Structure formats: structure tokens, C-alpha cells
Amino acid sequence: MTRADSEAYRSRIRGCLLGGAIGDALGGPIEFDSGEKIVAAHPGGLREFVAGGPGWPPGTVTDDTQMTLFTVEGLIRAGVRTDRGNGFTMAVVHHAYDRWLDTQRLPGPSGERDGWLQKEQWLYARRAPGNTCLSALYLARKGTDRIGQFGDQARNHSKGCGGVMRSAPFGLLPTTSFDAAWAFDAAAEAAGFTHGHPTGKLASGALAAIIHQLCAGAELNAALDTAGELLTGYPDHEETSTALAAARRPATDPPKVEQLGGGWIAEEALAIGVYAALAYPEPEQFLDALSLAVVHSGDSDSTGAICGNILGALHGEAALPAELASTVEGRATILQLADDLALEFTKVSPDGYPLPIDWTYRYPGW
């Protein structure tokens, strides 16, 4: 990978993760409002962060971003495990979700976990976390304070959007070593740690494949074509395939996302994120797309996050709305993880130096 290629790759990772956080923070405060109420309050579209109530200042992210960050950390730690000569396994990501669960039940770091991410105090906040994510991870603990068997699939029939909203990072691993089919399968497997319905897994795999292709330099429609082709190779793909086909129909004037559903379930959340990105695909339209993705009577934070992931991977960090990118909660942590992901899988830092000597302390390989 040339220096120019490395810089472009890092920009797409930063754009994807920070773009997702921006969309999440934009939609979080209005998640449970009706479309009519949102439009009445923001007739020109929601284009700036608003407060979500006491303890929820403008720019605050939700569990969508929290779980996405733990996904990134899990992937880095899986890479470190591979560096040591062991296989790359999604069980390491499951372990990361176990650490996320601590942030939802404890007031702060307990001192009993390793790695640096779980020490970030700002992550210890409950922002309407998905019931399925919580219950599946609690059940996997079997009454203890740790998951007993990392890698086991959830035994439920949920296809809520809690799997797909955290799946973009699987598409961010370098295309020179990981192909679109790998990204699809890995994201689907990891979604299955909490969501057992095939559609919940396949919609997650489809998003990861889209992100993978965008990071490889594909245009958005070409990335959607690749993801769609992969999707049809799996049993039970019909719900996700139908939702993506609906998202790719020409946008109405003005565009309306309500026709695609509320985004509470996986295929609808994916479809709304894709639809908004297609309606406003240019770099200068980033905020238009995010506003469209969140202004509806549904899961606005998840649909905003997915749209932000897609356009951030497509255009890179420079296209992000500056006024939102500079004030979103957790910005420093998000960008640190983005750069560390690139560093782990390219082994070269932006200044040309190899992995730091304390790497395995920051990212233990399990």
C-alpha cells in the first residue's frame, strides 16, 4: 500500500466511524418522536445537534456508537491474536461486547478488565440500549459476571437493528487481505451473538460488504450491486434483498423514508440508511443525507448512524460536516480507534513508524 493509498484508507476509516457517530448523535434525541413532531420542530430539517433531555446534551452518542467502538476494538484485538500466530476469530469481538455490557451495568471501570477502551469513563452511560443486545449478552453470562463461551450464537429470533447498526467496522479491514465475502460473513456471525433471526444477520453482512467495497474505491451503486449479489447466495435473504431493492428506487420529491418502514428492524434500518445516501450522494450533501435519514417516526439514531457510516466510507473524513464532527461526543476516542485499526492491519503509522511497543498492553489478543 503506497503512502497515498494508506492516507486515503485511513481517511475512509475515520470518515466511516466519525460519520456514523454524527448520524447517531443527530438522531438520538428524536428517536421516539413522530415524524410530524420532528418536522414541526425543525421545518428546514434537523441539521444541528439538539439535546435529548437531562444528562443528554447536544452531540451525545447512543449505544449504536458505543457498540461500534467495541466492535473496532474487538477487531484490533483479533488482529493482535493473529500476530501471535493464532487464528482470526470473531469470538474476540464477542468478548468486546461483554466489556460493553459492563459499561451498561457499572458506574465506571472496575479494574478487572484489560485494554484501554473499557477505561473510558464517558462510555459508562445508558442511552436507550437495545433490549435484545442486553438480554442476549446477559443470557450468555449464565448468571455470572462474564460470558461463559465466547463465539456462541444467540438463541432468539430477533431481527432488531442492534446487529446492523454496529457492523460497519467489518468492512473497514484492508481489501488487500480481506474480501467482501469475508466482511459479509464476519459481520453476520458477530450480529448473531445478539440477534438470532437470519435477516438480522444478513442485513448486517450486507452493510459490511457495502462498506468494504466503498473502502476499495467503488461507487455507491457498484458497492450495492456487490452486496446484493453476495446476499442472494444465502438462504432466507429475501427480506433483506427486498428492502435494499426498495431503497434503490428513485427518491421521491421531496424524498420520504417512511415508505421504507421505521428502522426498528434490521432490513428497514439498512434500507433507510442506503436510501438517504442515494438521495444525497455528493460530499457537499452529507448533512442533507443525514437529515433525511433521521427525520422519521422510527429508530432515528440507528438509521442516521448507518447513513453516516456509508457516506463517511464513500467520501472520507474531509466530507464530514465540520460543525458536527468537531463537537460529537467521544471524538478523540473514535479517531484514536480509527487510526489504531488502520495501524494494526497495515502495520505502518501515519508517520511511517511501526506498531508502538505498548500495543499488546492496549490491545490484548483475546
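Position 316 of the sequence shown, counted from 1, bears residue number 315 in numbering that gives the first Met the number 0, the numbering being contiguous throughout. A virtual CB, placed ideally from N, CA and C, is assigned to each residue, including glycine. From a predicted model like this one, the values you see are computed outputs, not experimental measurements.
For this session: Closer than 7 Å by C-beta to E267: which residues in its own chain qualify, once you throw out the five before and the five after it? Chain order, please.
Result: Taking C-beta separations shorter than 7 Å and ignoring five residues to either side along the sequence, the partners of E267 in its chain run A242, L259, G260, G261, following chain order.
Exercise. Near A180, which residues of its chain fall below 7 Å by C-beta distance, leaving aside the five closest residues on each side in sequence?
Worked result: Here the set comprises L229.
Exercise. Taking L206 as the reference, which of G272, Y8, R83 has the closest Cα?
Worked result: Here the closest residue by C-alpha is G272.
Exercise. Taking DSSP as the reference, what is the three-state secondary structure of W99?
Worked result: DSSP, read as helix, strand or coil, puts W99 in helix.
Exercise. Exposed or buried, what is Y279 when buried is set at 16 or more other beta-carbons lying within 10 Å of its beta-carbon?
Worked result: Y279 comes out buried.
For this session: Within its chain, find whatever has a CB closer than 7 Å to the CB of A208; leave out the 5 residues flanking it on each side and keep chain order.
Result: Around A208: G170, A179, A182, F183, T225, A226, L229.
Exercise. What separation, rounded to the nearest whole angstrom, lies between the Cα atoms of A276 and I309?
Worked result: Straight-line Cα distance between these residues: approximately 7 Å.
For this session: Answer with buried or exposed for G204, where buried requires no fewer than 16 other C-beta atoms within 10 angstroms of its C-beta.
Result: Flag for G204 reads buried.
Exercise. Among G44, G78, Y8, which has the Cα closest to the Cα of A292?
Worked result: Looking only at G44, G78, Y8, the smallest Cα-Cα distance to A292 is reached by G44.
Problem set entry | Selected residue, minimal CA-CA separation from M89, among G150, V38, V79 | Comparing Cα positions, the closest option is G150.
Exercise. Does DSSP classify W365 as helix, strand or coil?
Worked result: DSSP, read as helix, strand or coil, puts W365 in coil.
Problem set entry | For G110 and Q120, believed in contact at Cβ under 8 Å, the rounded distance | Rounded, the Cβ-Cβ distance is 13 Å, inconsistent with contact.
Problem set entry | Residue range of the unbroken alpha helix (DSSP H) whose run includes M66 | Counting along the chain, the alpha helix (DSSP H) containing M66 begins and ends at 62-82.
Exercise. When we look at the beta-carbon of S176 and count the other beta-carbons within 10 Å, is it buried (16 or more) or exposed?
Worked result: Exposed: under 16 other Cβ atoms inside 10 Å.
Exercise. Roughly how many whole angstroms lie between the Cα atoms of A190 and R112?
Worked result: Cα-Cα distance, rounded: 23 Å.
Exercise. Would the beta-carbon of R125 fall within 9 Å of that of D63?
Worked result: Going by C-beta atoms, R125 is not nearer than 9 Å to D63.
For this session: Please determine if the segment 26-36 and the segment 1-12 are in contact, where contact requires at least 3 C-beta pairs separated by less than 8 Å.
Result: With a cut-off of 8 Å, the segment 1-12 and the segment 26-36 do not count as touching, because too few Cβ pairs lie within range.
Exercise. What residue ranges within the segment 278-312 form continuous alpha helix (DSSP H) runs of no fewer than 4 residues, ordered along the chain?
Worked result: The DSSP assignment places complete alpha helix (DSSP H) segments of no fewer than 4 residues inside the segment 278-312 at 285-293, in order along the chain.
For this session: List the residues that DSSP assigns as beta-bridge partners of W55.
Result: By DSSP's assignment, W55 forms a beta bridge with G52.
For this session: Check I356 in the structure and name its three-state DSSP category.
Result: In the displayed model, I356 falls within coil according to three-state DSSP, outside both helix and strand.
For this session: Let me know if A50 comes out buried or exposed under the rule of 16 or more other beta-carbons within 10 Å of its beta-carbon.
Result: Per the 10 Å Cβ criterion, exposed.
Exercise. Considering only residues of the segment 168-249, which uninterrupted alpha helix (DSSP H) runs meet the minimum length of 4 residues and lie entirely inside it, listed in chain order?
Worked result: Secondary structure within the segment 168-249: the alpha helix (DSSP H) runs of 4 or more consecutive residues, fully enclosed, are 179-190, 197-214, 219-230, 237-246 (chain order).
For this session: Could you check if K158 is buried or exposed, using at least 16 other CB atoms within 10 Å of its CB as the buried criterion?
Result: So K158 ends up on the buried side.
For this session: Closer than 6 Å by C-beta to C132: which residues in its own chain qualify, once you throw out the five before and the five after it? Chain order, please.
Result: Beyond the five residues adjoining it in sequence on each side, C132 comes within less than 6 Å, by CB distance, of G161, T193 in the same chain, given in chain order.
Exercise. Okay, do the segment 338-351 and the segment 95-102 touch, 3+ Cβ pairs below 8 Å being the bar?
Worked result: The segment 338-351 is not in contact with the segment 95-102.
Exercise. For G27, is the classification buried or exposed, using 16 other Cβ atoms within 10 angstroms of its Cβ as the cut-off for buried?
Worked result: With 16 or more Cβ atoms within 10 Å of its Cβ, G27 is classed as buried.
Exercise. With burial defined as no fewer than 16 other Cβ atoms inside 10 Å of the residue's Cβ, what is the status of F31: buried or exposed?
Worked result: Burial call: exposed.
For this session: Give the DSSP bridge partners of G159, in chain order.
Result: I264.
For this session: Go ahead and label P168 buried or exposed: buried means 16 or more other beta carbons lie within 10 angstroms of its beta carbon, across all protein chains shown.
Result: Its Cβ being crowded by 16 or more others within 10 Å, P168 is buried.
Exercise. Using the C-alpha atoms, what's the distance from S240 back to I305?
Worked result: So the two alpha carbons sit approximately 17 Å from each other.
Exercise. Among the residues of its own chain, which have a CB less than 8 Å from the CB of W365, if the five just before and after it don't count?
Worked result: Annotation for W365: R76, R80, V91, H94 place their beta carbon closer than 8 Å to its own, counting only its chain and skipping 5 residues before and after.
For this session: Rounded to whole angstroms, what's the CA-CA distance from D23 to V327? Just pull it up for me.
Result: Between D23 and V327, the alpha-carbon positions lie close to 10 Å from each other.
Problem set entry | Same chain, Cβ closer than 7 Å to T61, five either side skipped, listed in chain order | Listed in chain order, the non-local C-beta contacts of T61 below 7 Å within the same chain comprise D23, G27, R126, A127, D300, local neighbours out to five positions each way being set aside.
For this session: Give me the Cα-Cα distance between A246 and L269, rounded to the nearest whole angstrom.
Result: Taking the Cα positions, A246 is about 9 Å away from L269.
For this session: Name the two residues that bound the continuous alpha helix (DSSP H) containing I21.
Result: In the DSSP assignment, I21 falls within the unbroken alpha helix (DSSP H) covering 2-26.
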